[in-house]
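Trainee: Pasting in a structure now, in structure tokens, and then I'll have a few things to ask.
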Amino acid sequence: MTGYDAMAQTYADLFVDAFSSPLEQAAVDAFACHVRAGALGGRVVDVGCGVGHVAAHLVATGLAVTAVDPSDGMLAQARRAHPELSFTSDDASLRTVDLASAAGVLARFSLIHVPPDRVRAVLSDWASRLRPSSVVLLAGQSTDEPGVAAFDHAVAPAWRWHPDTIADALADAGFTELWRTVSRPAEGFHRFPEFHVCAERRA
Ligand SMILES: C[S@@+](CC[C@H](N)C(=O)[O-])C[C@H]1O[C@@H](n2cnc3c(N)ncnc32)[C@H](O)[C@@H]1O
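Just add 367 to wherever you are in the sequence shown, counting from 1, and you've got our numbering.
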């Protein structure tokens, strides 16, 4: 059992809404707009989909979503809340997913749980399997100092990335940055700044 299995009910009770701020929703909606404006179809992958509310939001915007998570507890919550959607057991390696037919990949606050060296390998692997112009949106807790720093996440080992560092990792893997946001949520709810970085698979 993972930390998320044990915390799944608590997580579902705490995070009733898909987004904690208007900017979070705007970033996901901008990602969805990029995908819809492209020529690769409308299927995206939600990596570490948790309780499934962002996958449900993306479906409501007209996209088809392949939603995966390694936690059986989180998948059970997602299936209970969204019985009309399909959720699959998988992790960031996306072994069960045909990325060649996807137009985008979204990973919100899930790659934070993947060790930094492994994140770079994961991004390179995604790039090698995605078609040119596929869109990726990554979100996570940020640092103000360059590099990556482990932090005491309540559920599982986790790392914060400086926005330049995660953007460099995307560039090294084969993606061109389209845009980024850095938010500074109110103290007491979110402890750290948070990044969203959107990038496109290079031709
Ligand atoms: C903080 S929750 C975020 C859930 C969802 N993406 C959202 O935005 O609400 C982190 C999720 O990442 C998942 N996770 C943990 N390790 C992972 C990994 N190696 N690959 C993919 N997802 C992972 C957890 O099971 C959990 O559901």
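Beta carbons are placed, not taken as given, at the ideal position from N, Cα and C, and that holds for glycine.
Hey, would you say I479 sits closer than 7 Å to G440, going by beta carbons?
Mentor: Not closer than 7 Å, so no.
Trainee: Can you name, in chain order, every residue of its own chain whose Cβ lies under 8 Å from the Cβ of A443, other than the five neighbours on each side?
Mentor: Only A375 meet the Cβ criterion.
Trainee: Looking at the structure shown, is S453 part of a helix, part of a strand, or coil, going by DSSP?
Mentor: Three-state result, S453: coil.
Trainee: Let me make sure I understand the geometry here. Which of V402, T377, V421 and S495 has the alpha-carbon closest to that of D384?
Mentor: Here the closest residue by C-alpha is V421.
Trainee: When you measure from the CB of S438 to every non-hydrogen atom of ligand 1, does any distance come out below 6 Å?
Mentor: Correct: S438 has its Cβ closer than 6 Å to ligand 1.
Trainee: Are the beta-carbon atoms belonging to T428 and A399 less than 7 Å from one another?
Mentor: Taking 7 Å as the Cβ cut-off, T428 and A399 qualify as a contacting pair.
Trainee: Does the segment 479-498 come within contact of the segment 391-398, defined as at least 3 CB pairs closer than 8 Å?
Mentor: No: the two stretches stay apart, fewer than three of their Cβ pairs being nearer than 8 Å.
Trainee: A470 by DSSP, collapsed to three states: which one?
Mentor: Of the three classes helix, strand and coil, the one that applies to A470 here is coil, per DSSP.
Trainee: For L430, is the classification buried or exposed, using 16 other Cβ atoms within 10 angstroms of its Cβ as the cut-off for buried?
Mentor: L430 comes out buried.
Trainee: Count the other C-beta atoms from every protein chain shown that fall within 10 angstroms of the C-beta of D519, then say buried if there are 16 or more, exposed otherwise.
Mentor: Label assigned to D519: exposed.
Trainee: Alpha helix (DSSP H) containing H420: first to last residue?
Mentor: Element bounds for H420: H420 to A427.
Trainee: List the endpoints of the continuous beta strand (DSSP E) containing A434.
Mentor: Looking at the DSSP string, the run of the beta strand (DSSP E) that includes A434 is A431 to D436.
Trainee: If you draw a straight line from the C-alpha of A470 to the C-alpha of H401, how long is it?
Mentor: The alpha-carbon atoms of A470 and H401 are separated by roughly 10 Å.
Trainee: Residues bridged to C565 by DSSP?
Mentor: Looking at the DSSP assignment, C565 forms a beta bridge with L504 and W546.
Trainee: Let me check understanding here. Comparing Cα to Cα, which of W526, S501, T455 and A525 lies closest to G541?
Mentor: Comparing Cα-Cα distances from G541 to each of W526, S501, T455 and A525, the minimum goes to S501.
Trainee: Please confirm whether V564 and L473 have their CB atoms less than 7 Å apart.
Mentor: Contact: no.
Trainee: Closer than 6 Å to a non-hydrogen atom of ligand 1 - does that hold for the CB of F441?
Mentor: The identity of residue 441 in the sequence shown is Met, whereas the question assumes Phe. At least one heavy atom of ligand 1 is nearer than 6 Å to the Cβ of M441, so yes.
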